[in-house]
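The number in the working numbering is simply the position in the sequence shown, starting from 1, with 54 added. Built from N, CA and C at the ideal position, the CB exists for glycine as well. This structure is a prediction, so every number in the text was calculated from the model and none was measured.
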Amino acid sequence: MADEEIQGRWFRRERLDGFVDAAFAFATTSLVISAGAPPETLAELRAALPTIPAFAGGFAIIAVFWWAHYEWSKVRPSAEGLNILLSLAIVFTVLIYVFPLKVLTASALHHMSGGVLPGAEIAAGGEAMRELHLIYGGGFAFLSFLYVLLYAHAARGNRAAGDKARADKAASHGASWTILCVYGAASATLAAVSDMRGAVAQAAPGMLYATIPLAIWLYYGVVAPRLARKPAPVAEEPAAA
């Protein structure tokens, strides 16, 4: 392979990764601990401090999505074509998704803290919480689905190149994001069908996400090993003439 082609591929990878990293960094600026200008007085700082937990929660979720793209960069066969389109779609979705994420984390932590943390005015009432969970769950599911497509494309490309190890790793990551996609859709569906009367009903669609680690553990600890042990189908021999 010519040096110019190798340098060209490296350059395209660096440009794509740099743009995605910058977009995720920009998204986190929407999660800053205070709205508007940074606090300039002690009173403003005191008012901003209670928003730190919501910022930390939102930042952690954004970091998970960034980490997924970082892990994908280790198994991608190229930084061209559909890989670029899917990465751009992820950036576009993240820059929108960050807003319902910020609202939901602040509202959830307000209720979980018994009203100690701010957020009472964000989503008051059953119908407001329904709408919030529908928007957030839809965004979570769609963003996860983009990662499913991204990893599936990487798995296909690596299989075509004969790199089974990278293909299997990409497929494994894709399975995780399939689970997350299902959770986002399930949360939005639960919000849509629930009557949203009472604190438990309003919190249920959000609390559903807390069981994601259990679902992933069950898949990789129980389901995946059984699928790996399942014998491959034996091709039938052609009948003798």
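For residue j and residue i, the rounded distance between their alpha carbons
i, j, result
"A108", "V86", "9 Å"
"L70", "L149", "16 Å"
"V236", "R210", "22 Å"
"G228", "F196", "14 Å"
"A253", "A264", "17 Å"
"F80", "S141", "15 Å"
"F73", "L158", "27 Å"
"E181", "D222", "43 Å"
"P138", "A76", "Reading off the sequence, residue 138 comes out as Ile, not Pro. About 15 Å."
"G216", "P131", "11 Å"
"R220", "E94", "50 Å"
Minimum Cβ-Cβ distance from residue i to chain B less than 8 Å
i, result
"L139", "The structure shown contains no chain B, having only a single protein chain."
Residue span of the alpha helix (DSSP H) that contains residue i, given as start and end
i, result
"G216", "Neither: G216 is in no alpha helix (DSSP H) and is coded neither H nor E."
"L103", "Run containing L103: none; DSSP gives neither H nor E here."
"R283", "A278 to R283"
"A255", "A253 to M261"
"S84", "Premise fails: S84 is in no alpha helix (DSSP H) and is neither H nor E."
"L136", "L136 to M166"
"A269", "I266 to L272"
Nonlocal neighbours in the same chain, by C-beta distance under 7 Å from residue i, ignoring five residues either side
i, result
"P104", "L171 and P172"
"E134", "R66"
Residue i, DSSP secondary structure in three states
i, result
"S241", "helix"
"G211", "helix"
Same chain, Cβ closer than 6 Å to residue i, neighbours up to 5 away in sequence not counted
i, result
"R184", "A245 and M250"
"P267", "none"
"L234", "S198"
Cβ-based neighbour list, residue i, same chain, cut-off 8 Å, excluding 5 preceding and 5 following
i, result
"T147", "G193, F196, L197 and L200"
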